[in-house]
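Under our numbering, the residues of the sequence shown are numbered 6 to 423, in order. C-beta: ideal position from N, C-alpha, C; glycine also. Below is one structure; the comments refer to it alone.
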Amino acid sequence: MINIAESLRKKLLENPIHREIIIKFPDDDIADIGSENIIADSFELTQSICDSDFELGGCIAGRLSVKVVNIEAPLNNKRIKVFIKQKYGRGDLTPATNLFPGEALYPGMQAKTLEHVLFCGTIDSSQRQKNRGVKEIIAYDDFYLMSQIKCKNWVSQYVARRQQAGNNITLANFTNALLDQLDLAVGRDIPRQNTQGLNMSSALQFYHYINDVNKLDEALSDKVTVLDMYKACCELNGTFGIIEGSGTIGRESLVKIVGQATSKKIVDETIMSYADLTFEEYVTRNINKLRFKYNKNQNYDYAYQTTKESWYIAENIITKCCTSVNELITNFYKQIDDTHISNYIFGDILSYRPFTADVFARWWLEPGDKVAIKIGYNDTETVESFVLSRTLKGINGMHCIIKATGTEFLGKDEIEIE
């Protein structure tokens with residue numbers, strides 16, 4: 006969630022005065038586009054970490070669409086940053102001390118303004134509409150760019166160079182080298198979070214460039230992209246790849262991490278009112294089995310319980326290129342000591358209730374947040390779930406549509422209980 010104090014979030018929601026969107030061009034080659042040149046109800050921004058059945062990894066490109074008026078400059082391929090600027094009331098509305106007669110009958114609230122970046126990306130198209138003064142901008146964040154860059158040859162060459170030098174390839178090594186190559190490919194440095202957490206110090210047992218001649222090339226598709234590889238890195242890290250509003254490549258976790266120990270994530274926002282809400286009767290079942298493919302088509306299974314629950318079936322590109330994955334997979338659940346566990350997937354730590362809700366103008370909510378929506382029914386008093394996708398629509402009358410999709414059982418048709 007965007008880092009805004011709870012007391013301020015309440016003011017933004019309850020005392021809004023004015024809200025606007027500003028499109029800025031980091032290269033300073035085009036003037037800012039403000040509210041006077043934006044068709045307010047055309048604004049739509051969608052960002053997600055999971056868009057169908059539950060799957061770690063994320064890396065779904067954020068999409069912005071908005072119509073602008075009287076902008077003659079060419080916009081295609083321009084880098085943009087999109088800011089939200091909200092003016093809100095601060096303080097109470099009280100009458101003047103000399104109620105009548107007097108010039109200042111109602112001094113009113115103090116107006117404060119908050120500005121925050123929502124999106125950073127590249128304009129993919131800017132088609133003129135029937136009214137030729139209007140252009141519809143479609144822009145995507147850098148995940149779309151990463152999906153256009155193939156990297157099979159680079160992966161093979163990188164692995165061979167490291168193996169020739171006698172150096173291990175940790176998940177952190179590989180992730181950083183992959184993003185360094187991305188910077189070279191696009192000709193600019195893309196900011197990124199530090200590579201930390203689950204499996205980052207674990208060695209990747211890639212096919213050997215001499216002993217397993219051509220096996221790595223055979224395991225990788227000719228069409229494999231930088232985005233595919235980065236998503237595989239995030240899945241092994243137990244996280245979801247995201248592009249933050251500032252443009253930073255980051256990761257979002259659905260578990261609370263303190264040192265080496267993990268626990269269920271606490272609620273980020275409790276929602277007392279909403280415009281619309283639908284939800285499933287079920288909560289997604291506990292995950293109690295992992296299956297990762299390795300050595301091309303072999304399966305590595307790791308089970309937590311034997312009862313019938315959900316099975317997480319991964320199609321991880323990196324593990325398919327490895328001869329051994331034991332450490333990578335067993336790291337998803339480890340007993341640290343008598344009271345602490347490192348658990349990134351098993352049990353109910355990732356269970357959630359599928360839902361869709363319009364929660365008014367809570368633009369500070371982001372994919373990966375945990376919400377509790379109070380509904381007051383006897384059978385289900387609270388819908389508690391993760392935000393796996395969030396769409397903002399409109400500006401002053403903004404809608405914030407949050408949702409999480411998912412089946413009750415994962416992998417039920419793909420694997421049998423042993």
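Buried or exposed by the 16-neighbour rule on C-beta atoms within 10 Å, applied to residue i
{"i": "R290", "result": "buried"}
{"i": "K379", "result": "exposed"}
{"i": "E423", "result": "With a pLDDT of only 46 at E423, under the threshold of 50, the placement of this residue in the model should not be trusted, and no figure is reported."}
{"i": "L415", "result": "buried"}
{"i": "L110", "result": "With a pLDDT of only 46 at L110, under the threshold of 50, the placement of this residue in the model should not be trusted, and no figure is reported."}
{"i": "Q52", "result": "buried"}
{"i": "K408", "result": "buried"}
{"i": "E413", "result": "exposed"}
{"i": "Q210", "result": "buried"}
{"i": "Y382", "result": "exposed"}
{"i": "K135", "result": "exposed"}
{"i": "G107", "result": "Only weak support exists for where G107 lies, its pLDDT of 49 falling under 50; the value from the coordinates is given anyway. Exposed, because fewer than 16 other Cβ atoms sit within 10 Å of the Cβ of G107."}
{"i": "S57", "result": "exposed"}
{"i": "K140", "result": "buried"}
{"i": "N331", "result": "exposed"}
{"i": "G264", "result": "exposed"}
{"i": "K228", "result": "exposed"}
{"i": "G246", "result": "buried"}
{"i": "A362", "result": "buried"}
{"i": "L189", "result": "exposed"}
{"i": "V392", "result": "buried"}
{"i": "V218", "result": "exposed"}
{"i": "S394", "result": "buried"}
{"i": "K301", "result": "exposed"}
{"i": "N242", "result": "buried"}
Top-ranked residue by Cα proximity to residue i, from the options
{"i": "L397", "options": "N20, Y287, R296 and G67", "result": "G67"}
{"i": "I54", "options": "I407, G373 and A377", "result": "G373"}
{"i": "E19", "options": "K339, M277, F211 and S152", "result": "M277"}
{"i": "Q132", "options": "L80, E49, G171 and T118", "result": "L80"}
{"i": "A425", "options": "R24, K29 and S161", "result": "Within the shown structure, residues of the chain are numbered from 6 to 423, placing residue 425 beyond reach of any answer."}
{"i": "I9", "options": "L393, E371, G381 and M403", "result": "E371"}
{"i": "R197", "options": "D185, A208, L189 and A190", "result": "D185"}
{"i": "A177", "options": "S207, L393 and I76", "result": "S207"}
{"i": "T118", "options": "I26, F124, T344 and L187", "result": "I26"}
{"i": "E120", "options": "N293, I154, K29 and E274", "result": "K29"}
{"i": "A428", "options": "R193, F124, R95 and S40", "result": "Outside the displayed range of the chain (6 to 423) lies residue 428, so it cannot be described from this structure."}
{"i": "T410", "options": "Y305, Y287 and N293", "result": "Y287"}
{"i": "Y299", "options": "R193, I323, I154 and E249", "result": "I323"}
{"i": "Y307", "options": "I76, L295 and I7", "result": "L295"}
{"i": "I7", "options": "E285, E249, H345 and N304", "result": "E249"}
{"i": "N216", "options": "T328, Y279 and N401", "result": "T328"}
{"i": "S268", "options": "A280, F351 and L282", "result": "F351"}
Whole-number beta carbon distance between residue j and residue i, since they are thought to touch under 8 Å
{"i": "A182", "j": "Y163", "result": "6 Å"}
{"i": "C239", "j": "G62", "result": "5 Å"}
{"i": "C326", "j": "L203", "result": "Wrong, their Cβ atoms sit about 19 Å apart, outside the cutoff."}
{"i": "M234", "j": "V160", "result": "7 Å"}
{"i": "S251", "j": "V122", "result": "5 Å"}
{"i": "C405", "j": "A366", "result": "6 Å"}
{"i": "Y309", "j": "Y338", "result": "6 Å"}
{"i": "A224", "j": "N321", "result": "Incorrect: roughly 11 Å between the Cβ atoms, too far for contact."}
{"i": "C156", "j": "T230", "result": "6 Å"}
{"i": "A78", "j": "I43", "result": "Not quite, the Cβ-Cβ distance comes to about 15 Å (not below 8 Å), so this is no contact."}
{"i": "S187", "j": "C64", "result": "Before going further, note that residue 187 is Leu rather than Ser in the sequence given. Going by Cβ atoms, the distance from L187 to C64 rounds to 13 Å, so no, they are not a contact pair."}
{"i": "Y305", "j": "I341", "result": "Not a contact, Cβ separation roughly 23 Å."}
{"i": "I271", "j": "K375", "result": "7 Å"}
{"i": "I142", "j": "V71", "result": "5 Å"}
{"i": "I346", "j": "A266", "result": "7 Å"}
Residue i: CB within 8 Å of a non-hydrogen atom of the ligand FAD
{"i": "D233", "result": "Only the bare structure without any ligand can be found here, which leaves the ligand FAD out of the picture."}
Beta-ladder partner(s) of residue i, from DSSP
{"i": "C405", "result": "L397"}
{"i": "Y214", "result": "Looking at the DSSP assignment, Y214 forms no beta bridge with any residue, so it has no partner."}
{"i": "D46", "result": "DSSP lists no partner for D46."}
{"i": "R133", "result": "K140"}
{"i": "V229", "result": "None, per the DSSP bridge assignment."}
{"i": "C327", "result": "F211"}
{"i": "H23", "result": "K92"}
{"i": "F124", "result": "V87"}
{"i": "N348", "result": "Y338"}
{"i": "N304", "result": "K298"}
{"i": "K375", "result": "F391"}
{"i": "W316", "result": "K294"}
{"i": "L282", "result": "A362"}
{"i": "R69", "result": "The question names Arg, but residue 69 in the sequence shown is Leu. L50 and A144."}
{"i": "G246", "result": "G63 and R256"}
(message) Within 8 Å, do at least three Cβ pairs link the region 257–275 to the region 312–325?
(response) They do not touch, by the three-pair rule.
(message) Check whether the region 388–396 and the region 343–359 are in contact - that is, three or more C-beta pairs closer than 8 Å.
(response) Taking a cut-off of 8 Å for Cβ pairs, the region 388–396 and the region 343–359 touch, as three or more such pairs fall below it.
(request) Would you check if the region 80–96 and the region 8–23 touch, i.e. whether three or more CB-CB distances between them fall below 8 Å? (result) Judged by Cβ distances under 8 Å, the region 8–23 makes contact with the region 80–96, as three or more pairs qualify.
(request) Could you tell me whether the region 144–155 touches the region 169–181, where touching means 3 or more Cβ pairs closer than 8 Å? (result) For the pair of segments examined, the region 144–155 was found not to touch the region 169–181: the number of CB pairs separated by less than 8 Å stays below three.
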